[in-house]
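Notes for the one structure printed next.
Here is the structure:
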């Protein structure tokens, strides 16, 4: 799993989606059985947790086939 893909970096993807941002962050996870388990995994990781409690004002969430993501942005 990676934060970059064929569509570019997180910042490039946010810009392409029309998000005006000065700072972006992303949490990704795979293999957790449900959203509570994924969030608990992020909470137990300092870097992921810091994203979750950061001063971001825009958030996007997604899940497909046990792949989980949180996207954070600050204009």
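Numbering (our numbering), first residue to last: 93 to 167.
Every residue, glycine too, gets a C-beta built ideally from N, C-alpha and C.
Which same chain residues end up closer than 6 Å to residue i when comparing Cβ atoms and leaving out the 5 residues on each side of it in sequence?
i           : result
residue 117 : 143 and 164
residue 152 : 163
Let me know if residue i comes out buried or exposed under the rule of 16 or more other beta-carbons within 10 Å of its beta-carbon.
i           : result
residue 102 : buried
residue 130 : buried
Are residue i and residue j touching if we call contact CB-CB under 9 Å?
i           : j           : result
residue 161 : residue 121 : yes
residue 158 : residue 140 : no
Return the chain-ordered list of same chain residues with a C-beta closer than 7 Å to the C-beta of residue i, the five sequence neighbours on each side being excluded.
i           : result
residue 106 : 113, 116 and 165
Within the same chain, show all residues whose beta-carbon is closer than 8 Å to that of residue i, passing over the 5 residues directly before and after it, in chain order.
i           : result
residue 149 : 165, 166 and 167
residue 147 : 166
*So, do the region 99-115 and the region 123-130 have three or more beta carbon pairs nearer to each other than 8 Å?*
The region 99-115, when compared against the region 123-130, does not touch it at the 8 Å Cβ threshold.
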